[in-house]
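Below you'll find the structure, written out as structure tokens, and then a few comments.
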Amino acid sequence: MKKLLIILLGLMLLCGCVFAEEAAEEDPDAVTSATLKINRLPEVNAEENGILVVYFSPDDTTRAAAYCIAAGLSAELFEIEAEEPYTAEDLDYYNRFSRSMTESYNKDARPAIAALPGDLSKYDTILIGYPLWGGMAPKILLTFMESVDLSGKTVVPFCTSNSSAFGSSDKDLKKRAGDSVTWKKGTRIKKGATAEEIIGLAEQILNPEE
Ligand SMILES: Cc1cc2nc3c(=O)[nH]c(=O)nc-3n(C[C@H](O)[C@H](O)[C@H](O)COP(=O)(O)O)c2cc1C
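Rendered as structure tokens:
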């Protein structure tokens, strides 16, 4: 009898694990963020309010932040995806010869973008989010800046990082924006932030104290 109970318990545990794994696989909004306390992307009810959140996030953290900001502002989202996606090996910053490290320290690197956003004329304000790589925006953001026309728009940068501050990580992007762009002060999303906190800060990120 005891043996039967143990076998039954074992089977129940096994089924539980299989179902949990299937549920995780089925959730398209699940994210694994290294530094934020977010496991699931919030729902974004985008309105036609002229605000677009553009983000690059090869490892999910900036994506989570971008979704929360977009949710807080009812903004649309656009992801900058690399033509050649970054693998875990590419993102190994302990290896100075990894793709991300090599690109970071090559001022001429311009990784190709899979697809550019279509018509940007309906947006007055563009938030641009990226992970810090060596204290700077990844070079693919320069590819983006050199491929789109942001004349007359307001641009608001934000970043995620393990520990570094926002600093002057946007200086190379700003240089490429052109004089007609109003470039706002950038924000670093702080480590350990929850979805609710970032959603609540969205207006402040959009209108930072200069
Ligand atoms: C090549 C590389 C360089 C990095 N450099 C820094 C850095 O200078 N400072 C820092 O705090 N984090 C650094 N990080 C960590 C990322 O900024 C951080 O994990 C970020 O939230 C990842 O965003 P993602 O998940 O959207 O890719 C680096 C990561 C990589 C891959």
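No gaps in the numbering here: position 203 of the sequence shown is 1602 in my numbering, and each next residue is one more.
Every residue gets a Cβ at the ideal spot worked out from N, C-alpha and C, and that includes glycine.
Check: Within 10 angstroms of its Cβ, does P1607 collect 16 or more other Cβ (buried), or is it exposed?
Finding: Taking the sequence shown and counting its residues from 1, one reaches residue 1607 at position 208. Flag for P1607 reads exposed.
Next item on the list: Give the range of the alpha helix (DSSP H) segment to which Y1529 is assigned.
Entry: Walking along the sequence shown from the start, residue 1529 turns up at place 130. Annotation: Y1529 is outside any alpha helix (DSSP H); the continuous beta strand (DSSP E) that includes it extends over 1524 to 1530.
Checklist line | Nearest-angstrom Cα separation, counted from V1443 out to S1473 | finding: Counting from 1 along the sequence shown, the entry for residue 1473 is found at position 74. Counting from 1 along the sequence shown, the entry for residue 1443 is found at position 44. Approximately 6 Å between the Cα atoms of the pair.
Notebook entry, point to check: Can you tell me whether P1484 is buried or exposed, with buried defined as 16 or more other CB within 10 angstroms of its CB?
Noted result: Residue numbering aside, residue 1484 sits at position 85 when the sequence shown is read from its first letter. The residue in question, P1484, is exposed, as its Cβ has fewer than 16 Cβ neighbours within 10 Å.
Notebook entry, point to check: When the Cα of F1477 is compared with those of A1487, A1511, A1465, E1488, which residue comes out closest?
Noted result: Your numbering for residue 1477 matches position 78 in the sequence shown. Taking only the C-alpha atoms, the option nearest F1477 is A1465.
Margin query: Quick check on L1515: buried or exposed, where buried means 16 or more other Cβ atoms within 10 Å of its Cβ?
Written below: If you number the sequence shown from 1, residue 1515 lands on position 116. Around the beta carbon of L1515, fewer than 16 other beta carbons lie within 10 angstroms, which makes this residue exposed.
Note to self: Rounded to whole angstroms, what is the Cα-Cα separation between M1500 and T1434?
What the structure shows: In the sequence shown, residue 1500 corresponds to position 101, counting from 1. In the sequence shown, residue 1434 corresponds to position 35, counting from 1. In a straight line, the C-alpha of M1500 is about 20 Å away from that of T1434.
Check: Closest by CA to Y1504, which one among R1495, K1521, E1609?
Finding: Looking up residue 1504 in the sequence shown gives position 105. The residue with the shortest Cα to Cα distance from Y1504 is R1495.
Checklist line | Exposure label - R1462; buried when at least 16 CB within 10 Å | finding: Translated into the one-based positions of the sequence shown, residue 1462 becomes position 63. Buried.
Notebook entry, point to check: What's the gap between the Cα of S1563 and the Cα of L1531?
Noted result: Within the sequence shown, residue 1563 is the residue found at index 164, counting from 1. Within the sequence shown, residue 1531 is the residue found at index 132, counting from 1. Whole-angstrom Cα-Cα distance: 8 Å.
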